[in-house]
Every structure is written in structure tokens, then in C-alpha cells.
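*Asks:* Numbered as in our numbering, the sequence shown ends at 192 without a single skipped number. All C-beta atoms, glycine included, are put in the ideal place defined by N, C-alpha and C. These numbers come from a predicted model, not from an experiment.
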Amino acid sequence: MARELSEFEQELVKLVNPLTAARWQADYRWDNLERAMVELGNDYQGLELCPDFQRGHVWQPEQQAHFVENCLRGIVPASGLYLQFNSPSWMDVEDTDSNLPPGLQYGLQRYTAITEFVKGNVKPFGLTAEQLKGTQFSANRFHVKVAVHNFTQRYELLNHYVSINSGGTPHSAEEIARVRALLADSKVLKD
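1) Who does F86 pair with in a DSSP beta bridge?
2) Just curious, the alpha helix (DSSP H) that W31 is in, first and last residue?
3) For R24, which of S88, L50, R74 and Q61 has the nearest alpha-carbon?
4) Rounding to the nearest angstrom, what Cα-Cα distance links A185 and K120 in this structure?
5) Identify whether E175 lies in helix, strand or coil by the three-state DSSP scheme.
6) For D28, which beta-bridge partners are listed by DSSP?
7) With DSSP collapsed to three states, give me the class of L48.
8) Measuring alpha carbon to alpha carbon, tell me which of A114, A22, N43 and L133 ends up nearest Q61.
9) Using a 10 Å radius around the Cβ and a threshold of 16 neighbouring Cβ atoms, would you call H150 buried or exposed?
10) Starting from the Cα of L73, find the closest Cα among D28, R155, L133 and I177 and give me that residue.
11) On the three-state DSSP scale, how would you describe L20?
12) Let me know the secondary structure DSSP gives Q11 once reduced to three states.
13) Does the stretch 24–43 touch the stretch 138–147, meaning 3 or more C-beta pairs lie closer than 8 angstroms?
14) Work out the CA separation of M2 and A66 for me, nearest whole Å.
15) Looking at H172 and the ligand ADP, is the gap between the Cβ and the nearest heavy atom below 6 angstroms?
16) So, does the stretch 164–184 touch the stretch 34–45, judging by three or more C-beta pairs under 8 angstroms?
17) Among S90, G104 and A174, whose alpha-carbon lies nearest the alpha-carbon of D98?
18) Pick helix, strand or coil for Q64, following the three-state DSSP scheme.
19) Using the C-alpha atoms, what's the distance from H172 back to A178?
20) Cutting at 8 angstroms between CB atoms, please list the residues of its own chain near R111, excluding the five before and the five after it.
Structure below.
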């Protein structure tokens, strides 16, 4: 039996807005990710990587390669290897009042970087996945966690999306160039 929340705690819940945890999670090897997601999509009426709220393919090939390079270096945190999807009919729980399309939705940028690397189209350090096969940097040695939520209402899904994707401040190109200049100066001083 759930305990009754005080008025103060009810206000805290409104303020904090705790997000709903995923209904299901699994780890996939990079070299199996695309096949596994296509199979899941087939089981749940499709895979839609670019729904209307998704920002589209915004990572350029250089950004995709940089992401994979940092994964190979071991510096991408677990949160960066966590792909989130939604399916209003997950585990065959159908909500007839759902206003979302069936199937799995979203998870685009990192998913695309990983699957394009496996296909040989993204080349970290100028190398393909095939060239890295059999080394400690082989695609079959890296994993990503796939999480599936079960939002049935569009406002729930959009609230979740905005909550996890807002608030950050990306570095400008000028800021990165400034730090690169500092790095170059520090190398000169070191030598």
C-alpha cells in the first residue's frame, strides 16, 4: 500500500518532476545493435528513428567519428552509451487511449554513429571497424544499453525528451579553438 504524501511532498514531486524509468533494458554488442533493433522494431510494429520531435541527423560524420573515438578511448560515460526508445505497446500492453504511433521511436545520434561505424562508414582515427577487428578496439568488444519506455501519451514522451535533452551548454567552435591553442602552446613548452 502506497503511503499518503504530505502537501509539501506533493509540491516537491511537482517541482522535481521525477522521470519514469524505462520498462525494459538490455545490453547489445555494437556489432549486433542494428540487427537487434530491427528485430525489436519488427516485433513492435516498426522502428522510427526520426519522429517529428527528434532533431534529425545533426551529427556530422566528423562528430560521429569523434564519438566513436572517445568510446574506443574508454572516456564516454555509461550515460553516453544509453540509447532510449519508446513503445506505447511494449510487452503487448496496449493502451487504446494512446495517441502515439505503434513501434519503437527515437535514439538517433549515438545509434547512427555506432551502426555507421560497424558498417565501415564512420572511421575513427581513419580506421574502419573491419581494420579494428580482432584487436581490443573491435566492435564486438563494445556494448551499448538499450532502454525502452512505455509512454502512451505524447505529452509524457515529449516531457521526457525535453527533460533529458535540455539544460546543457555546448562548447562553441571558438572556445574549442582557444583551448586547442593553449594545448599547442603547452606542447611547445614541454618540448
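*Replies:* On the basis of the data shown:
1) The residue you call residue 86 lines up with position 85 of the sequence shown. DSSP output for F86 lists V149 as bridge partner(s).
2) Working through the sequence shown from its first residue, we reach residue 31 at position 30. First-last of the alpha helix (DSSP H) with W31: W31 to D44.
3) As a working mapping, residue 24 is identified with position 23 in the sequence shown. The option with the nearest alpha carbon to R24 is S88.
4) If you number the sequence shown from 1, residue 185 lands on position 184. If you number the sequence shown from 1, residue 120 lands on position 119. Looking at the two C-alpha atoms, the distance is approximately 34 angstroms.
5) To locate residue 175, count along the sequence shown from 1; it is residue 174. E175: helix per DSSP, three-state reduction.
6) Along the sequence shown, read from residue 1 onward, the residue named residue 28 stands at position 27. K146, per the DSSP bridge assignment.
7) Mapped onto the sequence shown, residue 48 falls at position 47. Strand at L48.
8) By 1-based counting over the sequence shown, the position of residue 61 is 60. Minimum Cα distance to Q61 is reached at A114.
9) Here residue 150 corresponds to residue number 149 of the sequence shown, with the count starting at 1. The residue in question, H150, is buried, as its Cβ has 16 or more Cβ neighbours within 10 Å.
10) Along the sequence shown, read from residue 1 onward, the residue named residue 73 stands at position 72. That would be L133, whose Cα lies nearest to the Cα of L73.
11) For this step, residue 20 is matched to residue 19 along the sequence shown. Reduced to three states, the DSSP call for L20 is coil.
12) Locating residue 11 in the sequence shown gives position 10, where the first residue counts as 1. Helix at Q11.
13) Yes: at least three Cβ pairs fall under 8 angstroms.
14) Looking up residue 66 in the sequence shown gives position 65. Looking up residue 2 in the sequence shown gives position 1. Taking the straight line joining both Cα atoms gives about 50 angstroms.
15) This structure lacks the ligand ADP; in fact it carries no ligand of any kind.
16) no
17) Reading the sequence shown from its first residue, position 97 is the one you call residue 98. Looking at the Cα atoms, S90 is the closest of the given residues.
18) Residue mapping note: residue 64 aligns to position 63 of the sequence shown, counting from 1. Three-state DSSP puts Q64 in a helix.
19) Within the sequence shown, residue 178 is the residue found at index 177, counting from 1. Within the sequence shown, residue 172 is the residue found at index 171, counting from 1. One C-alpha to the other measures close to 10 angstroms.
20) On the sequence shown, position 110 is the one that residue 111 refers to. Closer than 8 angstroms at Cβ, skipping near neighbours: F68, G81, L82, L84 and V145.
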